[in-house]
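Read through the structure below, which is laid out as structure tokens, and then see the notes.
In mature numbering (1 follows the signal peptide of the UniProt record, and there is no 0), the protein residues as written are -29 to -1, 1 to 296.
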């Protein structure tokens, strides 16, 4: 993410790793490695658990099983490999950089968030918030999702060359934004509280935006966020029942654009190339540069949230490791 401060984890020896990774039997007599503190380039030959309220920071670690981050726990992993899935409980946090995750990533209702950078994983799911008080987030950059992204809460942003090999869908998120990324399936954004921005991206399948309260911005010169260019859409694009404004600028749509029941009516710029034409109500397009410049920077706000939790998690893990030695 541009502007964020990169926190580099110090490499620790196998001796230190062995000192802070504790192995405990489960009720089924299987071995589970409990991580409290820091770990290095070792192989965990079973499942790994970050206990409730604890922090674990790993560098170059291979985990042959599944990973569970318990309630309030933090897992920061760099240059690692996880053979199985990662499940993050309420108020839990996962930060994975240059890491391969063989299975799915699931953030529970009320989970703090998931940040993936230069990573690879299976399906990514953010559960609906429900009665939880915490608003989740999913930030993905320079990563490959070998499957689907399905988000039911919080802030969602795919950015900086991220590739999703199947569908992206969100319902009831705070916002769902796609910047400089590729979706090799469909894109669906429903009932987002502050809308959706898609810029500099390609979506191969059909795109559906419906019931979004904060508006929908496809391309530059909109009021929600700043960006440099529009995108490519391989099938039909539908934007309906949206409040807060709809702007479609500098896009190639290899299908039909439908804009109906939006309040105010959609602004569709003349520089779009739309093979199937436009149906529905549209207003004359204007370049609202003043609104664009005044718009809140969604990316910077999200970066700060992830950075705060990451820094805290690494510090707690380091202190916990030192205490155990």
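Think of the CB as a built atom: it goes at the ideal place given N, C-alpha and C, for glycine as much as any other residue.
Counting only residues of its own chain and dropping the five nearest sequence neighbours on each side, residue 75 has a CB closer than 6 Å to the CB of 56, 93, 94. With contacts defined as CB atoms closer than 9 Å, residue 27 and residue 277 fail to qualify as a contacting pair. Just so you know, the alpha carbons of residue 115 and residue 133 end up roughly 6 Å apart. By a beta-carbon distance limit of 8 Å, residue 229 contacts residue 207. Their separation comes to about 7 Å.
Shown here, residue 173 sits in a strand according to DSSP, grouped into three states. Residue 117 carries a coil assignment under DSSP once its states are collapsed to helix, strand and coil. Runs of the alpha helix (DSSP H) lying entirely within the stretch 207 to 265, each at least 4 residues long, are 260 to 265 in chain order. Counting the other CB atoms within 10 Å of its CB gives residue 101 a total below 16, which places it among the exposed residues. One alpha carbon belongs to residue 39, the other to residue 71, and they sit about 16 Å apart. Residues of the same chain with a CB within less than 6 Å of the CB of residue 203, apart from the 5 flanking positions on each side, are 173, 223 in chain order.
Closest option to residue 182, judged by alpha-carbon separation, among 155, 146, 152: 146. In the three-state DSSP reduction, residue 279 falls in the helix class (H, G or I). Of the other Cβ atoms in all chains shown, 16 or more fall within 10 Å of the Cβ of residue 96; this residue is therefore buried. Around the beta-carbon of residue 244, fewer than 16 other beta-carbon atoms lie within 10 Å, marking it exposed. Of all alpha-carbon atoms in 41, 66, 67, the one lying nearest the alpha-carbon of residue 59 is that of 41.
At the C-beta level, residue 30 and residue 15 stay beyond 9 Å of one another. With a 10 Å radius around the Cβ and a threshold of 16 neighbouring Cβ atoms, residue 159 comes out buried.
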